[in-house]
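Taken in order, the sequence shown gives residues 0 to 253; the numbers are from numbering that gives the first Met the number 0.
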Amino acid sequence: MLRGMDLAVIAAGFGAGILTSTVGVASLLSFPVLIALGIPPVVANVSNTIGLLPGSLTGSIGYRRELREVPRPITIAVIALCSVGSIGGVVLLLALPPGVFAALAPWLILFTCLIVGAQPRISRWLRARSDQPHGLRTSMSPATYFFTALTGVYGGYFGAGAGVMMMAVLGLGLDLELRVVNGLKTLSLLAANVVASAIFVVIADINWRAAALLAIGSLAGGYLGSHIGRRIPGGLLRTLIVIAGIIAAVLMLR
Numbered sequence: 000m001l002r003g004m005d006l007a008v009i010a011a012g013f014g015a016g017i018l019t020s021t022v023g024v025a026s027l028l029s030f031p032v033l034i035a036l037g038i039p040p041v042v043a044n045v046s047n048t049i050g051l052l053p054g055s056l057t058g059s060i061g062y063r064r065e066l067r068e069v070p071r072p073i074t075i076a077v078i079a080l081c082s083v084g085s086i087g088g089v090v091l092l093l094a095l096p097p098g099v100f101a102a103l104a105p106w107l108i109l110f111t112c113l114i115v116g117a118q119p120r121i122s123r124w125l126r127a128r129s130d131q132p133h134g135l136r137t138s139m140s141p142a143t144y145f146f147t148a149l150t151g152v153y154g155g156y157f158g159a160g161a162g163v164m165m166m167a168v169l170g171l172g173l174d175l176e177l178r179v180v181n182g183l184k185t186l187s188l189l190a191a192n193v194v195a196s197a198i199f200v201v202i203a204d205i206n207w208r209a210a211a212l213l214a215i216g217s218l219a220g221g222y223l224g225s226h227i228g229r230r231i232p233g234g235l236l237r238t239l240i241v242i243a244g245i246i247a248a249v250l251m252l253r
C-alpha cells in the first residue's frame with residue numbers, strides 16, 4: 000500500500016515530468032523531496048536521474064512533430080555529444096567531493112538565464128554576421144558542439160538547470176523556433192540521462208523504491224508537459240524559463 004510520502008514522491012515525479020518538457024528544471028522539484036525523505040544526496044541524485052527517465056521519454060514522444068523539423072545530422076550530433084558528455088558527468092559525480100562542481104552550478108544557471116533572455120537579440124546579431132544564405136544557421140558551429148557536450152557533462156553530474164543551459168546553447172547556436180528547441184532539448188537530456196542511468200545501475204547505490212515512484216509520476220508528466228510547452232507562446236516560454244532558472248539558482252545558493 001502506498002504511504003503518504005510515496006504519494007508525495009509520485010506527485011513530485013509528475014511535476015518534474017512537466018518541468019522536464021517545458022522549462023527544464025525538473026530536479027528543482029524532485030531532488031529536494033528525496034532529500035526530505037532522508038536519502039543521502041548522491042543516492043538521491045542517482046535515483047532522481049533514473050526516476051525521471053520516463054518523463055524525458057514521453058516528453059520526447061510528445062515533441063515528435065517538432066523533432067521532425069530538426070535536420071537529422073543536428074539531432075544525431077546533439078544526442079551523441081550529450082551522451083558522451085554525460086559519461087564525464089558521472090565520473091565527476093562519483094569521484095569528486097559533492098560540493099566542488101555544485102558550487103559553480105548556480106552561477107552557471109544564472110549566466111544561462113541571461114543568455115536565454117537575451118537570445119533573440121543575440122541571434123539577430125549572429126545572423127547579421129553569418130556567411131550563410133539569409134543569415135540562417137542550419138549547422139552547428141564548433142562552439143555549439145563544445146557547449147552542447149559541456150551541458151551533457153553537467154546533466155550527467157547533477158542536472159538541475161541543465162534544460163535551461165541546453166535551451167541557451169541550442170537557441171543561440173541554431174535558428175530554430177523555440178518550441179523546436181524545446182523538443183530537441185528534451186531529447187538531448189533523455190540521451191544524457193539514459194547513458195548516465197546505465198552506468199549508475201552498474202556501479203552506484205540506488206534507492207529503487209524512490210526511483211520507481213518518480214518514474215510513475217514523470218511518465219504522465221513528461222507527455223503532458225510537451226503539449227503545454229508546444230502551446231506556450233515563445234516570449235512567455237522564454238520568460239518562464241528565465242524565472243525557473245533564477246529560482247533554481249537561488250535555492251541552490253542557500
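C-beta: ideal position from N, C-alpha, C; glycine also.
Looking at C-alpha atoms only, which residue of the options is the closest neighbour of residue i?
i	options	result
Ala167	Val22, Leu223, Ser26, Arg2	Val22
Ile108	Leu235, Thr150, Leu80	Thr150
Asp5	Gly116, Arg208, Thr111	Arg208
Gly155	Val45, Glu65, Leu218, Pro232	Val45
Ala142	Ala159, Gly170, Gly160	Gly170
Val193	Ser138, Ser20, Gly50, Arg2	Gly50
Leu103	Gly160, Leu239, Ser140	Gly160
Val64	Arg253, Leu236, Arg229	According to the sequence as given, residue 64 is Arg; it is not Val. The shortest Cα separation from Arg64 among Arg253, Leu236, Arg229 belongs to Arg229.
Ala191	His226, Leu239, Leu223, Phe157	Phe157
Pro72	Val163, Ser140, Arg2, Gly220	Ser140
Thr238	Tyr222, Ala94, Pro119	Pro119
Gly162	Gly220, Thr147, Leu175	Thr147
Ile288	Ala7, Glu176, Ser138	With the chain covering only 0 through 253, there is no way to say anything about residue 288.
Ala195	Val69, Leu92, Leu223, Pro96	Leu92
May I ask you to report which of helix, strand or coil DSSP gives residue i?
i	result
Ile205	coil
Phe157	coil
Ile246	helix
Leu177	helix
Glu65	helix
Gly54	helix
Gly23	coil
Leu235	helix
Ser37	Note that residue 37 is Gly in the sequence shown, not Ser. Gly37: coil per DSSP, three-state reduction.
Arg2	coil
Pro70	coil
Met327	Within the shown structure, residues of the chain are numbered from 0 to 253, placing residue 327 beyond reach of any answer.
Ala102	coil
Arg253	coil
Any idea if residue i is buried or exposed, counting beta-carbon neighbours within 10 angstroms, 16 or more meaning buried?
i	result
Ile75	exposed
Val41	exposed
Arg67	exposed
Arg178	buried
Pro105	buried
Pro53	buried
Ala94	exposed
Leu252	exposed
Ala35	exposed
Leu236	buried
Ignore the nearest five residues each way along the sequence and tell me which others in residue i's own chain have a CB closer than 6 Å to its CB.
i	result
Val152	Gly84, Gly87, Gly88
Gly116	Val241
Asn206	Ile38, Val42, Ser46
Val256	This structure leaves residue 256 out entirely; the chain is present only between 0 and 253.
Asn181	Gly228
Ser225	Ser20, Gly58, Gly61, Tyr62
Pro132	Confidence in Pro132 is poor, its pLDDT being 48 and thus under 50, which makes the residue's placement unreliable; the coordinate value appears in the next sentence. Result list for Pro132: empty, nothing under 6 Å.
Asp204	Val42
Ala210	Ser46, Ile49, Gly50
Looking only at its chain, what residues have a beta carbon closer than 7 Å to the beta carbon of residue i, apart from the 5 residues adjacent to it on each side?
i	result
Pro47	The question names Pro, but residue 47 in the sequence shown is Asn. For Asn47, where only same-chain residues beyond five positions count, the Cβ hits under 7 Å are Ser26, Ser29, Phe30, Leu33, Leu213.
Ser187	Val77, Ile78, Cys81, Met165
Gly216	Ile9, Ala10, Ala11, Gly12, Phe13, Gly16
Gly220	Gly12, Phe13, Gly14, Ala15, Gly16, Ile17, Gly54
Leu250	Leu27
Beta-carbon within less than 8 Å of residue i's beta-carbon, same chain only, minus the 5 sequence neighbours each way: which residues are those?
i	result
Tyr144	Ala76, Leu80
Ala7	Val32
Checklist line | Segment contact flag, the stretch 197-204 with the stretch 236-248, C-beta cutoff 8 Å, min 3 pairs | finding: no
Item checked: Any 3 or more C-beta pairs closer than 8 Å across the stretch 179-195 and the stretch 50-62 -> yes
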